[in-house]
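This report concerns only the one structure given below.
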Amino acid sequence: MNDIATNENVANPHENMQHLDIFENTNLFKKERATRSKREKVVKETIEGWLFSMWPFVGYCLFALVPFALSVYLSFCDLHVWNIRNAVWVGFDNFVYLLFSSKSQFWWSLLQTLYYFLSLPLGLFLGLGSAVLLTSRIRLKKLFRTILYIPNVCSSIGVTMMWKLVFHRDYGIVNSIITAMGGSPVSWFTTPEVFMPLVIFTTTWGAGAGSILFQAALEQVNGSLIEAAEIDGANKREVFFNVTLPAISPTTFYVLTMNTIGALQAMGTIQLFSQAGSTSGYGPMFTSGPFEGKYAGMTTVYYVYMMSIGGGTEGSGKSSAAAWMLAIFILAVTRINFYMSDKWVSYDN
Amino acid sequence: MAKEEAIYNSQNFKPNKKKVFRPPYLCYFLIILYSLYILLPLYIILISSFKSDFDATQPIFQWWPEHGLSLAGYRRVVLWWSMILGGLRNTFLYYLPTTLISIFVNASAAFGFAKLNWKGKNAIFGFLMLTMMIPGTITMTASRMYMSILKWDSSALPIIVPGLFGGIGTVFFLRQYIMGIPDDLIGAAKIDGMSDIKIFLTLIIPLSMPALTTQAVLGFIGSYNSYLGPLIYLSTNTDAWTVQLVLKWCSEQYQNLTNVMMAFCAVGMFPLILLYLLIQDYILKGISMSSGLKG
């Protein structure tokens, strides 16, 4: 019997004693115990939640954050073999080399990365354009939809082989059209001027993934908004630019962000195309003109790759340093992307 | 009254009764053009793979081989058959268990994020979303070094183990899907005395099977096609090559015989395209679902 109950009993002798006995061993009317059990419940829930959900986080820490930290260390070292014990601390030398040395291709590679960004508006245009077409009143929509997504299940190896044949110097279809029209055949994979346009062109082949996303967004645009605009006398083009386009802007932003990140790390195609031209893996080199000595198609990610893993002489220290500067660049681009998005992305549908 | 009538009679207000349905020819033209852009290269692969050596090396590209179809290309592929089978075996060995385990891990994480209340949930989820913005390739060199510290380089572990922990992209997608499962259902199961684990295994997994299958298939297609990872870690060890590495190496032995090159290409690409065509409904629905949440 606890004190309060006893006191109460004394004060009110007619109070129903049985009730007190029933509640005595429960938590219901005892604030202290109730909070403790609630706290226990929260702890239990939290442990359970972590057990359910922490694995991707753990994986990210183990296989992305640790290498991240390692790459900070590496960027201050000079190292040419895959053994961390051979690392020699060199301070900021790697950064100085990349930014100021005449042998460094870092600035050039940033330029090439920006060049490669041309594939973004192209892809966006193709994705959105085909999505608009596929949500119009045409038959066989499903068939076309299916076709558009095919490139996304093809391997980069296969796709590269395919383009290697299409643009083959001697037996390719493009060159046979050029010669049929009286031109001379172009060696697509070894001519620096056409190398990057070729890469960009072949990238657009896979723009269909964006198309699927845009279609889903277009189908969700609130029909009454369009009707209202039509009643107000807007023509089709005005409706599209003033109603539909703002309504799907979140999807546009999503596709643009994902494609930007994709473009920043695109190197599978570039690596394979470069190898198609020469066995060293470096793309075709400009031999004259203002870009003399620079490799076409040398985007920053590919530069990072070539310096260490690709067999370049610069080593993993400089490679990591370049990777870090690329990271800053990516951060800036993403920041700009988000900043701009405030101006044109609307989330009220 | 007169004003309202005038509005009703005006062109804009009338329903489209007067409009005669005219097929949108321009739309057809453009979409067929785009489809051709995608399909023609695939046709070129297919037809070139069936050319004879002579037809394949003509300076003028032949849309249909002059000397008829020939299996010369595929005959060379068969020569490498044991190597290709070895590659296929490796690909399935590395990626099938990874895909299955990671989809389970992803589903469990998605369930935690969608339906459970726990401290730190939003922080962890936000952090994971943020990591999607950071391209993994920038730690390429450091990862390679990390694997050599772990003594995992020149084994398949670097391409297997990180995948086991799942990926945030799939978690995000599955989370949206699981959020669509009614809370009442889970509440009822809880009143019946089911634990969270039991709810996950007997309720959530069966209910989200379509989404899980889609993601697993997409994940496996991606792994099957992956090239850089295997290239970085396995290129020195021929026996460990995945099918993609095998096909690339083999086709390089026939640089000037385009029919053989394309036969290898077809062997690598068309099985997956067929698989995709068989289950495209699932896949396309899955992809548009993942976007619908954002639009």
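Protein chains in written order, with the working numbering: chain A, 16 to 364; chain B, 111 to 405. All C-beta atoms, glycine included, are put in the ideal place defined by N, C-alpha and C. Small disclaimer: the values here were computed from a predicted structure and weren't measured.
Buried/exposed call for residue i, threshold 16 Cβ in 10 Å
i, result
"B/Asp165", "buried"
"B/Ala217", "buried"
"B/Gln354", "buried"
"B/Lys225", "buried"
"A/Ile359", "According to the sequence as given, residue 359 of chain A is Trp; it is not Ile. A/Trp359 should be labelled exposed."
"B/Asp306", "buried"
"B/Val356", "buried"
"A/Met282", "buried"
"B/Asp391", "exposed"
"B/Thr280", "buried"
"B/Leu260", "exposed"
"B/Lys300", "exposed"
"B/Trp351", "buried"
"A/Met211", "buried"
"A/Tyr362", "exposed"
"A/Met32", "Residue confidence is low: A/Met32 scores 48 on pLDDT, short of 50, so the model does not pin down where it sits. No coordinate-derived value is stated."
"B/Arg254", "buried"
"B/Ile389", "exposed"
"B/Glu176", "exposed"
Interface partners of residue i on chain A, CB under 8 angstroms
i, result
"B/Met289", "Chain A residues near B/Met289: none, gap ~14 angstroms exceeds 8 angstroms."
"B/Ile141", "Ser145, Leu148, Leu149, Ile153, Phe159"
"B/Gln168", "Tyr186"
"B/Phe223", "Ser68"
"B/Met371", "Met176, Lys179, Leu180"
"B/Met239", "The premise fails here: B/Met239 is roughly 11 angstroms from chain A at the closest Cβ pair, so nothing lies under 8 angstroms."
Under 8 angstroms from the C-beta of residue i: neighbouring residues of chain B
i, result
"A/Ser124", "Chain B residues near A/Ser124: none, gap ~13 angstroms exceeds 8 angstroms."
"A/Cys169", "Asn335, Met379, Leu382, Ile383"
"A/Thr61", "Trp228, Lys229, Gly230"
"A/Trp70", "Val215, Ser218, Ala219, Phe275, Gly276"
"A/Gly283", "Tyr337, Leu338"
"A/Trp220", "Tyr147, Ile148, Pro151"
"A/Phe140", "Within chain B, no residue comes near A/Phe140; the closest Cβ sits about 11 angstroms away, beyond 8 angstroms."
Distance CB(residue i)-CB(residue j) smaller than 8 angstroms
i, j, result
"A/Phe121", "A/Tyr320", "no"
"B/Tyr337", "A/Ile172", "yes"
"B/Thr247", "A/Ile324", "no"
"B/Leu209", "B/Ser333", "Correcting the residue type first, residue 209 of chain B is Thr in the shown sequence and not Leu. In contact: B/Thr209 and B/Ser333 (Cβ atoms closer than 8 angstroms)."
"A/Gly74", "B/Gly276", "yes"
"B/Ile291", "B/Leu238", "no"
"A/Leu113", "A/Ala291", "no"
"B/Pro245", "A/Ile276", "yes"
"A/Ser117", "A/Met313", "no"
"A/Val214", "A/Phe107", "no"
Residues that residue i contacts on chain B, provided the C-beta gap is smaller than 9 angstroms
i, result
"A/Asn98", "Met255, Ser258, Ile259"
"A/Arg152", "Phe131, Pro133, Pro134, Cys137"
"A/Thr205", "Going along chain B, no residue has its Cβ under 9 angstroms from A/Thr205, so there is no contact; the nearest lies around 13 angstroms."
"A/Phe121", "Simply none; closest approach about 14 angstroms."
is_contact[residue i, chain C] using C-beta, thresh 8 angstroms
i, result
"A/Val258", "Structure shown: chain C not included; protein chains present are A and B."
Within chain B, partners of residue i - CB distance below 7 angstroms
i, result
"A/Leu85", "Ala252, Met255, Tyr256"
"A/Pro82", "Thr249, Ala252, Ser253, Tyr256"
"A/Trp65", "Trp228"
"A/Ile324", "Met250, Thr251, Arg254, Ile342"
Pick from the options that is closest to residue i, judged by C-alpha positions
i, options, result
"A/Trp366", "B/Leu385, B/Phe221, B/Leu260", "Given a span of 16 to 364 for chain A in the structure shown, any question on residue 366 of chain A remains unanswerable."
"B/Tyr153", "A/Gly332, A/Ile165, A/Gln290", "A/Ile165"
"A/Trp203", "A/Gly187, A/Met196, A/Phe353", "A/Gly187"
"A/Pro207", "A/Ile153, A/Ser303, A/Thr175, A/Phe256", "A/Ser303"
"B/Ile397", "A/Lys53, A/Phe210, A/Phe229", "A/Phe229"
"B/Leu206", "B/Thr348, B/Phe380, B/Gly329", "B/Gly329"
"B/Thr249", "A/Arg54, A/Met355, A/Met340", "A/Met340"
"A/Val348", "B/Ala350, B/Ile288, B/Met243, B/Gly290", "B/Met243"
"A/Arg152", "B/Ser180, B/Leu203, B/Phe223, B/Ile141", "B/Ile141"
"A/Gln127", "A/Tyr75, A/Leu77, A/Lys309, A/Asp185", "A/Lys309"
"B/Ile288", "B/Leu313, B/Leu384, B/Gly273", "B/Leu313"
"A/Phe72", "B/Asn232, B/Leu295, B/Tyr364", "B/Asn232"
"B/Leu136", "A/Ile62, A/Leu137, A/Gly144", "A/Gly144"
Partner residues on chain A for residue i, Cβ-Cβ distance less than 7 angstroms
i, result
"B/Ala187", "According to the sequence shown, residue 187 of chain B is Val rather than Ala. Per Cβ cutoff of 7 angstroms: no residues; B/Val187 is ~13 angstroms from chain A at best."
"B/Gln354", "Ser170, Ile172"
9 angstroms Cβ cut-off: residues of chain A touching residue i
i, result
"B/Gly297", "Neighbours of B/Gly297 on chain A: none; closest Cβ ~15 angstroms, over 9 angstroms."
"B/Asp263", "Trp97"
"B/Val281", "Ser68, Pro71"
"B/Tyr184", "Neighbours of B/Tyr184 on chain A: none; closest Cβ ~15 angstroms, over 9 angstroms."
Check whether the segment 210-226 of chain B touches the segment 184-197 of chain B, taking contact to mean three or more Cβ pairs, one atom from each stretch, closer than 8 angstroms. no
Can you confirm whether the segment 210-220 of chain A touches the segment 129-140 of chain A when touching is taken to mean that 3 or more C-beta pairs between the two stretches lie within less than 8 angstroms? yes
Does the segment 314-331 of chain B come into contact with the segment 167-179 of chain B, if we say contact requires no fewer than three beta-carbon pairs (one atom in each stretch) closer than 8 angstroms? no
Touching by the beta-carbon criterion (3+ pairs, under 8 angstroms), the segment 358-374 of chain B and the segment 149-162 of chain B: yes
Hey, is the segment 175-191 of chain A in contact with the segment 249-256 of chain A, meaning 3+ C-beta pairs nearer than 8 angstroms? no
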